[in-house]
Amino acid sequence: MPRRQRSRKDEYDSDDSFSPEDVFDVDEEASDAESDITEVDPFDDVDCHVDVEDLADLLGAAHPPEFYQRIAEQVDDSDLDTQDYSPGTERLLDAVEDHWQRFCRGNGFGDPCRRLKSIYLGILVSFFTWRLDLKTGKDDRKIKGIKTASSLGTNWKVFRLVYEKAVGAKLDPKLNRQMHKVLRRLAKDYKLSTKKRENRCMTIDDLKEQIETTVSTPEKSFDLGELRILMVLFLLLLAPAGSRPMAILRLRFGDIRVVLARDPEGGPHKLLLQFTPEFTKTYLGTKDAKTFTVPETLFDPTLLLSPDAFLLGILFRHRAFRAFRAPDFVSASQLVGLDIYPGERELRLPLRRDLDDVPLFRRAVKTLTGFEMSPTEPITYSMMAGWIKKIGELLGRLYPTICYNLRYNAGNELDGSPYASDAIRNLALDHNSSVPFQKHYLGRQLRLDTWAIIRGQEPQQALLKQACSIGHANSKRRPTELTAEQLASVNTDPRIRKLEEEVKRLPHRSEERQKAVRAVRSEKQRLKRALLERTKVEWTDEQAVEDIQNQLQGLGFSKSMDVDTASAPQRPAQKRLVDALTAPVDDTLEGYYRRRANLIDAIVAYCGVAEGRTARRTNVSAAKKQVPSPGSPSPEESPLKAAMLSVFIENEQERPRRCFLCIGAALTLGPDDPHVQKLTSEFYTSGDLSKHFRRRHLKLLPDNAKPRCEVCDFDLTCKMHLQSHAMKVHGTVS
Numbered sequence: 001m002p003r004r005q006r007s008r009k010d011e012y013d014s015d016d017s018f019s020p021e022d023v024f025d026v027d028e029e030a031s032d033a034e035s036d037i038t039e040v041d042p043f044d045d046v047d048c049h050v051d052v053e054d055l056a057d058l059l060g061a062a063h064p065p066e067f068y069q070r071i072a073e074q075v076d077d078s079d080l081d082t083q084d085y086s087p088g089t090e091r092l093l094d095a096v097e098d099h100w101q102r103f104c105r106g107n108g109f110g111d112p113c114r115r116l117k118s119i120y121l122g123i124l125v126s127f128f129t130w131r132l133d134l135k136t137g138k139d140d141r142k143i144k145g146i147k148t149a150s151s152l153g154t155n156w157k158v159f160r161l162v163y164e165k166a167v168g169a170k171l172d173p174k175l176n177r178q179m180h181k182v183l184r185r186l187a188k189d190y191k192l193s194t195k196k197r198e199n200r201c202m203t204i205d206d207l208k209e210q211i212e213t214t215v216s217t218p219e220k221s222f223d224l225g226e227l228r229i230l231m232v233l234f235l236l237l238l239a240p241a242g243s244r245p246m247a248i249l250r251l252r253f254g255d256i257r258v259v260l261a262r263d264p265e266g267g268p269h270k271l272l273l274q275f276t277p278e279f280t281k282t283y284l285g286t287k288d289a290k291t292f293t294v295p296e297t298l299f300d301p302t303l304l305l306s307p308d309a310f311l312l313g314i315l316f317r318h319r320a321f322r323a324f325r326a327p328d329f330v331s332a333s334q335l336v337g338l339d340i341y342p343g344e345r346e347l348r349l350p351l352r353r354d355l356d357d358v359p360l361f362r363r364a365v366k367t368l369t370g371f372e373m374s375p376t377e378p379i380t381y382s383m384m385a386g387w388i389k390k391i392g393e394l395l396g397r398l399y400p401t402i403c404y405n406l407r408y409n410a411g412n413e414l415d416g417s418p419y420a421s422d423a424i425r426n427l428a429l430d431h432n433s434s435v436p437f438q439k440h441y442l443g444r445q446l447r448l449d450t451w452a453i454i455r456g457q458e459p460q461q462a463l464l465k466q467a468c469s470i471g472h473a474n475s476k477r478r479p480t481e482l483t484a485e486q487l488a489s490v491n492t493d494p495r496i497r498k499l500e501e502e503v504k505r506l507p508h509r510s511e512e513r514q515k516a517v518r519a520v521r522s523e524k525q526r527l528k529r530a531l532l533e534r535t536k537v538e539w540t541d542e543q544a545v546e547d548i549q550n551q552l553q554g555l556g557f558s559k560s561m562d563v564d565t566a567s568a569p570q571r572p573a574q575k576r577l578v579d580a581l582t583a584p585v586d587d588t589l590e591g592y593y594r595r596r597a598n599l600i601d602a603i604v605a606y607c608g609v610a611e612g613r614t615a616r617r618t619n620v621s622a623a624k625k626q627v628p629s630p631g632s633p634s635p636e637e638s639p640l641k642a643a644m645l646s647v648f649i650e651n652e653q654e655r656p657r658r659c660f661l662c663i664g665a666a667l668t669l670g671p672d673d674p675h676v677q678k679l680t681s682e683f684y685t686s687g688d689l690s691k692h693f694r695r696r697h698l699k700l701l702p703d704n705a706k707p708r709c710e711v712c713d714f715d716l717t718c719k720m721h722l723q724s725h726a727m728k729v730h731g732t733v734s
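Residue numbers (the UniProt record's numbering): 1 to 734.
#1: Under 8 Å between the Cβ atoms of Ala385 and Ser374?
#2: Determine the extent of the beta strand (DSSP E) in which Glu377 is found, giving its start and end residues.
#3: Whole angstroms is fine: what's the gap from Glu97's alpha carbon to Phe159's?
#4: Per DSSP, what kind of secondary structure is Thr293 in: helix, strand or coil?
#5: Determine, using beta carbons only, whether Ala473 and Gln460 come nearer to each other than 8 Å.
#6: CA-CA distance, Gly114 and Lys188?
#7: For Arg257, which of Ile229, Glu265, Leu355 has the nearest alpha-carbon?
#8: Please classify Leu224: does DSSP put it in a helix, a strand, or coil?
#9: I'd like the span of the alpha helix (DSSP H) that includes Leu577, first residue to last.
#10: I'd like the list of long-range same chain contacts for Arg708, defined as Cβ closer than 6 Å, with 5 residues on each side in sequence excluded.
#11: In its own chain, which residues sit with a C-beta less than 7 Å from the C-beta of Val711, not counting the 5 before and 5 after it?
#12: Would you give the residue range spanned by the alpha helix (DSSP H) that Arg477 belongs to?
#13: Would Ala323 be called buried (16 or more neighbouring beta carbons within 10 Å of its own) or exposed?
#14: So, with DSSP's three-state summary, where would you put Leu351?
#15: Can you grab the Cα-Cα spacing for the pair Leu116 / Ser86, in whole Å?
#16: Under the rule that 16 or more other beta-carbon atoms within 10 Å means buried, what is Asp44, buried or exposed?
#17: Just checking my contact of Arg317 with Cys607 at CB under 8 Å: how many whole Å lie between their CB atoms?
#18: My output table needs one value for Lys366: the three-state DSSP class, helix, strand or coil.
#19: Below 8 Å on the Cβ atoms is my contact criterion, and I expect Arg197 with Gln445 to pass it. Report the Cβ-Cβ distance as a whole number of Å.
#20: Measuring CB atoms only, is the stretch 464–479 touching the stretch 203–221, in the sense that at least three cross pairs come out at less than 8 Å?
#21: Is the separation between the beta-carbon of Leu360 and that of Arg252 shorter than 8 Å?
#22: Cβ of Ser243 within 7 Å of any heavy atom in the ligand ATP?
#23: Under the DSSP definition of a beta bridge, which residues are partnered with Ile256?
#24: Using the Cα positions of Leu298 and Lys270, report the straight-line distance between them to the nearest angstrom.
#25: Could you tell me if Ala726 is buried or exposed, where buried requires 16 or more neighbouring beta carbons within 10 angstroms of its beta carbon?
#26: Alpha carbon to alpha carbon, what distance is there between Met383 and Glu590?
#27: Measuring straight from C-alpha to C-alpha, what distance separates Ala30 and Trp156?
#28: Per DSSP, what kind of secondary structure is Lys191 in: helix, strand or coil?
#29: Would you kindly work out how many angstroms separate the C-alpha atoms of Val162 and Gln549, rounded to a whole number?
#30: What separation, rounded to the nearest whole angstrom, lies between the Cα atoms of Gln525 and Thr492?
#31: Kindly list the residues whose CB is nearer than 8 Å to the CB of Ile496, restricted to its own chain and excluding five residues on each side of it in sequence; keep chain order.
#32: Pull up the DSSP beta-bridge partners for Ala665, would you.
#33: Below 8 Å, how does it come out for the stretch 135–142 and the stretch 161–176: are there three or more Cβ pairs, yes or no?
#34: For the putative contact between Ala544 and Ala580, defined by C-beta atoms under 8 Å, what is the C-beta separation to the nearest angstrom?
#35: Could you tell me whether the Cβ atoms of Leu335 and Thr213 are closer together than 8 Å?
#36: So what does Arg708 bridge to, in DSSP terms?
Next comes the structure, spelled out in structure tokens:
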């Protein structure tokens, strides 16, 4: 049956004006609060001069009349009578429905469905009071709970949808109005925050800092270097498009076009990057795809803001160009010699068709000896959001850095640009009207010097823009980790001591003891997070007071907090990448092309670097002192060569303490790579090596895989062959 169309009369009704997507008013990271159904005309592309007789013959010959009669009788309209919701809304509906069932069954209100059909104000007040008091979820796991009035409002909106789905009718308007007053009272009684999330913009200067820190910091590691490059590319594609983050994350190679275009003003040919996000909130019907075009900027003073260089690096890395494939491919410098046919305006650089459906932003997967890019698994939104937030913390930002900071910036810049109309802004942001922009995107920190305008003076727009951005209060001194003293204070917390005493009283290796140990760890992590959050909140004002007092006393600025970050140094490939990004500008066209080619080649080289996990602080008190083995290398020997020789045994009783697979991985790295030492280090005992071998290698090897021993330069047939080889040749028990 056709979807119910909302009448104009209902628009301002307190209940009827509610859109299911209003549940996203609280958190626009996953979605926005607007969408329309796309009406499809099945005859849009059909020639208007249709041969009616031929069409009738075709339809008449397709199926017998019984076929269509059977369809008419078998259609079930029950699943067509309900509203379509996004996956995020579906999860919210399931959660609220589960809470309602727990509330009714756990508090003596009887059958949840029957109680829902006989709803009244008292039980609604009781339910939402219970929901605010709820501290545990499934399996008695602690939950964050409702902390803001907007979250409480979202729960009420979703509950109305649950009611409508179960009863088949909307909630009584009078009951709805009463509940709005109840919710305001509950928010006040439970002291819920009414502050909305900051919708500050990530300006171009902020974006430059974000990218510079991303490519250079050793304090945040990725499984593979390509993930670091993809994170930068994600930011550089999101910034000009202003699209929803998921639309960029779901880009495929087939959604991208690279074109060499003739400059209409007579300059050198320029590369155009064109990308068409296909997946943009399509649960209410398909939407017309938009194509964004980003031209190359010649003689750009900074290559940090060059999406063309990072995208070309990824494309060359995967041999994505049809015309640039081995053995013809040498480097990105081959782009310089390309020209456009006389009289034509562009030369397209086609990509391989077998990559059309391959995601551009893919995650890394574990292999026998490290990581490799997954052929199909995309990077999730939570992964990308976590990386971006971490870099923001390393920059010392006052507010959490989110993907939507770039979407906010695109909307506000387009809104203030003389080149963009409201229609263009709404098209770029995928809005049907200006209402969503005004409600969610227009910065609540006004980026306009209103006082100067009122006084008839020149507005100080650059200063206002900086003051209202996400990076206005950046400080590298802002704490990102707890100090040693703060960490020690967690262990002396009364709650931790009480839990540890309970652990001591429980029998060893019992299930109760294991559960208690996990409870201790969880409580420690919770206390650490809470302490770090308090430290961050209090630091800004406390540090400002200290700086002012020190300056008044002539002491200068104080040093930052002493925190042991224990981060690894930059790799040679990372240093090469940073040097290429910060290379000085050359005023000649040849110099610019050389600078761009060097950066693309550095990106290609860095994509294959296995970074490994971020280095974590070690527990010095619990660390064991390594005992040198008889096969330890002498100072005269090459450490890598000595480590390789130490994993071969002369008799069956020998048990080396180095992993031959890790040493094989180290052989593929450069001698100056800092990870060589980690890969070739000894374990405390041969038993520790066996645990490592099973957990880090055997567990990740598929049953049908054919592994290889790089140390022996020998191909193995299966997992059992690897285990036998490990035992007989390298003395590793598995």
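Yeah, the Cβ is synthetic: ideal placement off N, Cα and C, and Gly gets one too.
Note that this is a predicted model, so its numbers are computed, not measured.
Once the coordinates are examined:
#1: no
#2: 371–378
#3: 8 Å
#4: strand
#5: No, they are not a contact pair.
#6: The question names Gly, yet the displayed sequence has Arg at residue 114. About 31 Å.
#7: Measuring from the Cα of Arg257, the nearest candidate turns out to be Leu355.
#8: In this structure, Leu224 counts as strand in the three-state DSSP scheme.
#9: 572–581
#10: Asp715
#11: Met644, Val647, Phe660, Ile663, Gly664
#12: First-last for Arg477: undefined, no H or E at that position.
#13: exposed
#14: strand
#15: 24 Å
#16: Only weak support is given to the placement of Asp44: the predicted model assigns it a pLDDT of 46, under 50, and the value that follows is read from those uncertain coordinates. Flag for Asp44 reads exposed.
#17: 5 Å
#18: strand
#19: Between Gln445 and Arg197 the Cβ distance is about 12 Å, and since that is not below 8 Å, they are no contact.
#20: yes
#21: yes
#22: For the structure depicted, the ligand ATP is absent and the ligand set is empty, with no information on it obtainable.
#23: Phe275
#24: Taking the straight line joining both Cα atoms gives about 8 Å.
#25: buried
#26: 39 Å
#27: Confidence at Ala30 is low in this model, with a pLDDT of 42, below 50, so its placement is unreliable and the value that follows should be read with caution. Approximately 19 Å between the Cα atoms of the pair.
#28: coil
#29: 57 Å
#30: 14 Å
#31: Val490, Val520, Glu523, Lys524, Leu527
#32: Paired residues: none, contrary to the question.
#33: no
#34: No, Ala544 and Ala580 are not in contact; Cβ-Cβ is about 38 Å, not under 8 Å.
#35: no
#36: Asp715
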